[in-house]
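Asks: Going line by line, the protein sequences match chains C and D. Under my numbering, the first residue of the first sequence carries the number 166, and numbering increases by one thereafter. Under my numbering, the first residue of the second sequence carries the number 129, and numbering increases by one thereafter. Where is the CB? At the ideal position from N, CA and C, for every residue including glycine. These numbers were taken from a predicted model, which means no experiment stands behind them. Quick one: the structure is below, questions incoming.
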Amino acid sequence: MKVLLSWLREFAPIEGDPAELADHLSDLGMAVEEMRMLPPLDGVVVARVAGLRPHPEADRIQLVDVELPGATGEGTGGALQVCCGAFNMSVGDMVPFATVGTTMPGGLVIGERRMRGQLSQGMCCSAAELELGADAEGIMILPSEFELGAPLMSQLGLAGDVLYDLEVNPNRPDAMSVAGVARDLAARLGVPFRIPAPVVSETGEDVSTVASVEIIDADLCGRFGVRVIRDVSIGQSPLWMQARLTLCGMRPINSVVDVSNYVMLELGTPNHTYDLALVPGGHLGTRRSAGGERLVTLDGSEREMLRGDGLIVDRDDRPIGISGVMGGENTEIGDSTTAVLLELAWWDRLSISRTSQRLGLRSEASMRFERGTDHELVPIALDRFCELLDRVTPGGVSVCRGRLDGRGDLPPTTRVRVRPARMSHLLGRRFSSDELRGLLDPIGLQCTESDDAAPRGAEPDDGALEVTIPSFRPDVVTETDVAEEVARHYGYQRLGRTVPRSPEPGRLTPAQRLRRDLRRVLVGAGLSEDMPNPFLAPDAVRQAGIDGADPVRLLNPLATEESVLRPSLLPGLIAAAAYNSSHRNDSVSLFEIGVVFGPPPAGDADTAAADTSAAAVLPTETEHLGAIWADGEAADAVHLTELIATAFGLRFSLTNANDLDGMHPVRAAQVLLDGQAVGVVGEVDPVVCERHGLLQRCAWLQVNVEPLLAAASAAAERPYRLVSTYPSSDIDLAFAVPDGVQASQVRSTLVASGGDELRSVDLFDIYRGDQMDPGTRSLAYRLRLQADDRTLTDEQVADIRQRCIDAVEHAHSAVLR
Amino acid sequence: MNGPATDTPASTAADVSPEALLASIDAARGQGLAAVAAAATSDELAQVESTLFGRKAALGQIKQGLGSLPPDQRATVGRALNEAQQDLRAAHAEAADELAASARREQLQREWLDLTETPPGPERGHLHLVTQTTERLEDVFVGMGFTVSEGPQAETDWYNFEALNLPAAHPARSMWDTLYLDLGERTELGDGEGGEASNVVLRTHTSPVQIRVMEVQPPPIYTICPGRVFRRDTADASHMPVFHQIEGLVVDRGIAFADLAGTLEEFTSAYFGKAISSRLRPSYFPFTEPSAEFDITCVICEGAGCQTCQRTGWIELGGCGMVHPNVLANCGIDFEEWTGFAFGFGIDRLALMRHGIDDLRDMYTNDIRFLSQF
Ligand SMILES: [Zn+2]
Numbered sequence: 166m167k168v169l170l171s172w173l174r175e176f177a178p179i180e181g182d183p184a185e186l187a188d189h190l191s192d193l194g195m196a197v198e199e200m201r202m203l204p205p206l207d208g209v210v211v212a213r214v215a216g217l218r219p220h221p222e223a224d225r226i227q228l229v230d231v232e233l234p235g236a237t238g239e240g241t242g243g244a245l246q247v248c249c250g251a252f253n254m255s256v257g258d259m260v261p262f263a264t265v266g267t268t269m270p271g272g273l274v275i276g277e278r279r280m281r282g283q284l285s286q287g288m289c290c291s292a293a294e295l296e297l298g299a300d301a302e303g304i305m306i307l308p309s310e311f312e313l314g315a316p317l318m319s320q321l322g323l324a325g326d327v328l329y330d331l332e333v334n335p336n337r338p339d340a341m342s343v344a345g346v347a348r349d350l351a352a353r354l355g356v357p358f359r360i361p362a363p364v365v366s367e368t369g370e371d372v373s374t375v376a377s378v379e380i381i382d383a384d385l386c387g388r389f390g391v392r393v394i395r396d397v398s399i400g401q402s403p404l405w406m407q408a409r410l411t412l413c414g415m416r417p418i419n420s421v422v423d424v425s426n427y428v429m430l431e432l433g434t435p436n437h438t439y440d441l442a443l444v445p446g447g448h449l450g451t452r453r454s455a456g457g458e459r460l461v462t463l464d465g466s467e468r469e470m471l472r473g474d475g476l477i478v479d480r481d482d483r484p485i486g487i488s489g490v491m492g493g494e495n496t497e498i499g500d501s502t503t504a505v506l507l508e509l510a511w512w513d514r515l516s517i518s519r520t521s522q523r524l525g526l527r528s529e530a531s532m533r534f535e536r537g538t539d540h541e542l543v544p545i546a547l548d549r550f551c552e553l554l555d556r557v558t559p560g561g562v563s564v565c566r567g568r569l570d571g572r573g574d575l576p577p578t579t580r581v582r583v584r585p586a587r588m589s590h591l592l593g594r595r596f597s598s599d600e601l602r603g604l605l606d607p608i609g610l611q612c613t614e615s616d617d618a619a620p621r622g623a624e625p626d627d628g629a630l631e632v633t634i635p636s637f638r639p640d641v642v643t644e645t646d647v648a649e650e651v652a653r654h655y656g657y658q659r660l661g662r663t664v665p666r667s668p669e670p671g672r673l674t675p676a677q678r679l680r681r682d683l684r685r686v687l688v689g690a691g692l693s694e695d696m697p698n699p700f701l702a703p704d705a706v707r708q709a710g711i712d713g714a715d716p717v718r719l720l721n722p723l724a725t726e727e728s729v730l731r732p733s734l735l736p737g738l739i740a741a742a743a744y745n746s747s748h749r750n751d752s753v754s755l756f757e758i759g760v761v762f763g764p765p766p767a768g769d770a771d772t773a774a775a776d777t778s779a780a781a782v783l784p785t786e787t788e789h790l791g792a793i794w795a796d797g798e799a800a801d802a803v804h805l806t807e808l809i810a811t812a813f814g815l816r817f818s819l820t821n822a823n824d825l826d827g828m829h830p831v832r833a834a835q836v837l838l839d840g841q842a843v844g845v846v847g848e849v850d851p852v853v854c855e856r857h858g859l860l861q862r863c864a865w866l867q868v869n870v871e872p873l874l875a876a877a878s879a880a881a882e883r884p885y886r887l888v889s890t891y892p893s894s895d896i897d898l899a900f901a902v903p904d905g906v907q908a909s910q911v912r913s914t915l916v917a918s919g920g921d922e923l924r925s926v927d928l929f930d931i932y933r934g935d936q937m938d939p940g941t942r943s944l945a946y947r948l949r950l951q952a953d954d955r956t957l958t959d960e961q962v963a964d965i966r967q968r969c970i971d972a973v974e975h976a977h978s979a980v981l982r
Numbered sequence: 129m130n131g132p133a134t135d136t137p138a139s140t141a142a143d144v145s146p147e148a149l150l151a152s153i154d155a156a157r158g159q160g161l162a163a164v165a166a167a168a169t170s171d172e173l174a175q176v177e178s179t180l181f182g183r184k185a186a187l188g189q190i191k192q193g194l195g196s197l198p199p200d201q202r203a204t205v206g207r208a209l210n211e212a213q214q215d216l217r218a219a220h221a222e223a224a225d226e227l228a229a230s231a232r233r234e235q236l237q238r239e240w241l242d243l244t245e246t247p248p249g250p251e252r253g254h255l256h257l258v259t260q261t262t263e264r265l266e267d268v269f270v271g272m273g274f275t276v277s278e279g280p281q282a283e284t285d286w287y288n289f290e291a292l293n294l295p296a297a298h299p300a301r302s303m304w305d306t307l308y309l310d311l312g313e314r315t316e317l318g319d320g321e322g323g324e325a326s327n328v329v330l331r332t333h334t335s336p337v338q339i340r341v342m343e344v345q346p347p348p349i350y351t352i353c354p355g356r357v358f359r360r361d362t363a364d365a366s367h368m369p370v371f372h373q374i375e376g377l378v379v380d381r382g383i384a385f386a387d388l389a390g391t392l393e394e395f396t397s398a399y400f401g402k403a404i405s406s407r408l409r410p411s412y413f414p415f416t417e418p419s420a421e422f423d424i425t426c427v428i429c430e431g432a433g434c435q436t437c438q439r440t441g442w443i444e445l446g447g448c449g450m451v452h453p454n455v456l457a458n459c460g461i462d463f464e465e466w467t468g469f470a471f472g473f474g475i476d477r478l479a480l481m482r483h484g485i486d487d488l489r490d491m492y493t494n495d496i497r498f499l500s501q502f
């Protein structure tokens with residue numbers, strides 16, 4: 166929202182340093198995104214074109230004789246001579262003229278110079294060159310009544326003006342107008358604010374004889390004001406109006422459109438004009454569409470209505486406009502229009518919002534209707550339109566007597582009970598009733614002493630006020646909303662700063678702490694953390710060999726490449742490994758701890774239909790640890806499981822498995838924790854690696870984080886086991902073990918049969934070769950035996966040894982070597 | 129190699145005159161010294177040692193014969209004998225030291241190492257910047273008495289919007305470009321309507337976690353909710369469809385707007401340092417009232433004004449406000465008894481600011497050359 170300081174001043178005597186005013190605006194919640202001091206344009210004056218001559222040497226430049234009081238030059242009859250590239254002016258036109266020595270807004274200093282041999286003694290300026298408008302093609306033609314030789318900016322009424330670009334929050338419909346901004350700023354500065362009453366001289370016939378209004382759906386339209394203006398001649402609006410509109414971001418079109426936009430910017434009241442001659446009987450009705458109706462709007466597009474859309478219809482119930490969004494082509498104002506039917510309505514916010522969004526027709530007008538306009542301004546804005554159109558039309562217009570004022574459902578006036586104690590509680594500073602009044606009254610929130618003697622809340626009710634909310638603040642509906650107004654006008658920065666203290670100490674949960682530890686174990690093991698995109702292409706899931714999962718799809722993805730949620734961390738991590746490999750970093754090791762997604766938990770039809778809880782409809786989310794070693798081997802991943810186990814006092818067991826998604830067919834295992842599968846370890850399927858352009862082996866580990874951290878959390882409490890002071894004995898056992906038996910199984914058997922005195926089991930040698938029967942290998946274990954309370958005798962050691970041998974031979978068809 | 133001197137003249141008992149004994153002592157000493165000098169290794173020296181100082185050694189035998197001399201001559205010869213023995217011991221000790229030193233020199237020469245030739249060993253990995261920043265933020269808030277709460281990334285419409293005072297038709301919903309999940313087929317159980325299909329979104333903020341906390345935990349509540357959030361945004365230098373946010377929630381008796389301002393100020397100086405302070409400006413969010421924008425002193429120019437802060441000296445960090453009574457009511461909390469505040473801001477941007485990274489996308493290329501810098 167752009168506002169000019171000079172325009173604000175038409176509503177309140179706002180004085181002060183423009184930068185300080187900007188601070189006030191920001192502090193009031195209308196953040197100043199840009200503040201522009203309009204260039205003073207010293208040296209740019211009003212001049213008259215006295216003659217036009219062709220340049221003897223150039224086609225694209227002409228010579229202009231410029232008449233300026235007190236200046237003589239090389240031109241015809243002593244006028245100044247200027248070389249000019251524009252051809253839009255005629256002899257007698259008034260133009261802005263930059264005299265020699267002028268510094269232009271862009272920094273250019275105008276000097277006397279020759280162009281193709283002809284002297285140029287200044288410059289005729291376009292609006293763009295003066296930063297007063299967008300037009301860079303032609304020279305600005307000034308009104309003939311401008312004073313010859315006078316400074317341009319003072320003639321335009323823009324001398325010393327400041328343009329603020331404000332960011333207006335959606336809850337501030339009042340700040341979508343010059344008047345509304347002025348009201349807020351005036352309250353902050355403590356100066357009076359008022360909207361001047363427009364002066365309309367009504368010279369035409371009674372409006373009710375030429376127009377009529379019918380509100381068919383009262384919930385759609387709360388108020389429908391109409392005026393009729395005759396003797397309209399469509400022309401250009403005056404330059405001051407064009408300049409204001411241009412500076413505030415609207416393009417000047419013609420006098421009627423410009424006045425319409427001017428009133429909207431000034432009062433926040435969008436309005437629409439019809440050619441009275443094209444509206445049968447001057448009748449306007451408004452109703453909701455039943456759906457299916459068609460209308461060609463002002464932009465030339467045919468629009469189809471849906472049930473509930475707001476329509477303007479003529480006497481024959483024919484659509485001639487979309488309520489609050491856009492008018493129809495069939496009643497559009499044109500050059501031949503002489504009588505204007507002016508509509509100024511108040512629409513249901515949600516209806517406008519729905520229709521404008523659906524049709525993609527969001528405009529300055531619909532934006533204001535959506536936020537909520539002020540229905541009490543309807544008559545004032547109607548009059549302001551007439552006043553302005555009369556002023557800008559040469560010879561004036563004739564305004565019909567009276568206004569039509571159709572009424573539908575308007576929101577009732579809101580009254581809010583405001584307790585000073587509650588305000589103090591919410592804001593952390595004591596406010597008296599008087600202080601509250603002092604802050605609220607100036608912004609139109611009228612305070613009276615409350616006579617309602619029935620306190621309901623927990624706060625004391627002393628000095629409660631009844632605050633009547635004005636129609637321009639539909640956003641204020643509760644006591645809390647009023648608190649924001651109090652805070653805003655008192656000043657957020659002036660409210661105190663206190664720090665509340667939690668009765669409990671701050672802390673991370675055990676799982677949160679352990680997750681941090683886990684990350685550091687991984688980093689210590691040389692892995693770096695990456696964060697791949699959790700959105701994948703469906704194909705990327707298949708490319709990574711994840712065939713078992715049916716990934717959760719996005720309903721409205723930005724692109725197909727990002728249309729499903731990852732069911733595994735493998736696709737992201739292998740893509741990251743491949744990316745690094747393609748950038749000549751072939752052996753990165755990366756990890757991620759992140760969520761993978763699956764379909765909502767399955768239930769049978771009966772319970773699923775009944776269970777509408779969030780857990781039943783949400784996809785499952787599982788936190789995974791994924792680690793990849795480009796150019797790594799299964800042992801790298803297995804070692805990491807051991808490292809994690811050591812770090813957290815856990816023991817994983819592995820079970821070789823050859824049908825795991827994305828994994829190497831014969832180099833993969835499931836990771837088990839207390840017998841429960843919690844992940845996979847091994848190498849990535851070479852086919853998958855190759856698809857990603859990775860020709861080396863890749864090791865892979867995936868672990869479910871939640872059971873891991875739960876076990877780690879429990880293990881963190883493990884009791885101390887006394888270090889035995891008695892000597893220990895080592896025995897070595899080598900078995901010929903069939904290949905079908907996992908080393909981990911032999912180990913488990915040893916542990917189970919060794920008893921309490923077996924303190925450690927280390928697989929220290931593996932041998933495959935000539936000395937072994939085919940299909941077997943030698944596994945050599947070193948067992949350390951020790952008792953807590955005695956030295957083990959040779960017999961006891963021999964006993965345990967035999968027990969272990971018997972158990973392994975029996976369980977695994979193994980033979981002691 | 130000199131063998132042991134077992135057949136020296138002194139060993140013959142024939143001539144036992146003092147003169148003859150002195151001459152044999154001298155001769156034995158000379159031979160002994162020569163033998164010590166000739167030992168080239170510690171092994172040889174050890175052999176020499178056994179021939180010089182044992183009972184059967186030349187001097188030892190002379191000593192055994194001393195008893196037959198008269199006392200006055202015995203003293204003279206004894207003294208000479210001792211001197212000779214001392215000379216030999218000294219020579220032996222010196223030779224032993226010398227041999228040990230040279231052996232050590234040889235050993236060291238063999239062991240010489242250029243430590244700068246060491247091949248690279250195991251490397252340490254790196255935590256992602258987002259993790260580092262999140263943990264740093266968590267630490268500050270934990271120090272201020274907050275707990276850390278987590279919740280699902282896919283959420284129902286209720287948790288992401290409705291409970292936050294954003295009913296279905298609320299125009300402010302357009303403030304978030306939301307990604308919806310297609311669970312249609314799977315929720316099409318029973319009546320085949322699949323009504324919830326488009327009701328599941330990827331959370332656009334971590335506010336749903338606040339709702340979940342308030343639903344289960346009676347006040348007082350002091351918690352932060354860091355986590356991953358999603359928007360339907362095309363990636364550019366300052367936007368990613370997937371990014372990270374941290375939100376805070378306090379609900380307690382007597383909580384006021386001043387508590388919000390004070391808490392944010394305490395956080396600001398704890399996280400950014402004493403030179404950086406905070407300010408609040410009025411703003412609008414459906415879930416807070418009063419609402420505010422939360423600015424901090426520009427960390428680049430410390431308030432003097434620079435390009436980063438568009439010469440204002442301030443940087444917009446996030447949004448905050450007093451929890452809207454409707455939100456408290458949606459969670460079953462009596463808003464007359466309990467009041468609260470909430471705040472939120474982006475984590476990714478803080479990481480960029482701290483390290484002078486211009487393009488947010490760089491943080492998500494997973495390029496080891498990026499990751500290994502931090
Ligand atoms: Zn700065």
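Can the beta-carbon of Gly253/D be found less than 7 Å from the beta-carbon of Gly691/C?
Replies: yes
Asks: Locate the beta strand (DSSP E) running through Ile190/D, then write down its first and last residues.
Replies: Premise fails: Ile190/D lies in the alpha helix (DSSP H), 186-192, not in any beta strand (DSSP E).
Asks: So, for Ser419/D: in the same chain, excluding its five sequence neighbours on each side, which residues have a beta-carbon less than 6 Å away from its beta-carbon?
Replies: Ser411, Tyr412, Phe413, Gly449
Asks: Would you tell me roughly how many angstroms separate the C-alpha atoms of Arg566/C and Asp396/C, rounded to the nearest one?
Replies: 14 Å
Asks: Which of the three DSSP states is assigned to Trp511/C in this structure?
Replies: strand
Asks: Relative to the alpha-carbon of Ile477/C, which residue among His437/C, Arg681/C, Val843/C has its alpha-carbon at the smallest distance?
Replies: His437/C
Asks: With 7 Å set as the bound, which would you pick, yes or no: does the beta-carbon of Asp574/C sit closer than that to a beta-carbon of chain D?
Replies: no
Asks: Could you tell me whether any Cβ in chain D is nearer than 7 Å to the Cβ of Ser171/C?
Replies: no
Asks: Secondary structure at Ala286/D, three-state DSSP: helix, strand or coil?
Replies: A small fix is needed here, since residue 286/D is Trp in this sequence, not Ala. Residue state, collapsed to three classes: helix.
Asks: In terms of residues, what are the limits of the beta strand (DSSP E) holding Gln841/C?
Replies: 841-849
Asks: Is the beta carbon of Gln373/D less than 7 Å from the beta carbon of Gly472/D?
Replies: yes
Asks: Glu960/C CB to nearest chain D CB: under 7 Å?
Replies: no
Asks: Does the beta-carbon distance from Thr633/C to Glu417/D come in below 7 Å?
Replies: no
Asks: Please compile the residues from chain D whose C-beta is within a distance smaller than 8 Å of the C-beta of Pro670/C.
Replies: Gly273
Asks: Tell me which same chain residues have a C-beta within less than 6 Å of the C-beta of Val581/C, skipping the five on either side of it?
Replies: Val632, Glu644, Val647
Asks: What does His590/C reach in chain D if we use C-beta pairs closer than 8 Å?
Replies: Gly382, Ala384, Thr467
Asks: Kindly indicate which three-state DSSP category Pro716/C falls into: helix, strand or coil?
Replies: In this structure, Pro716/C counts as coil in the three-state DSSP scheme.
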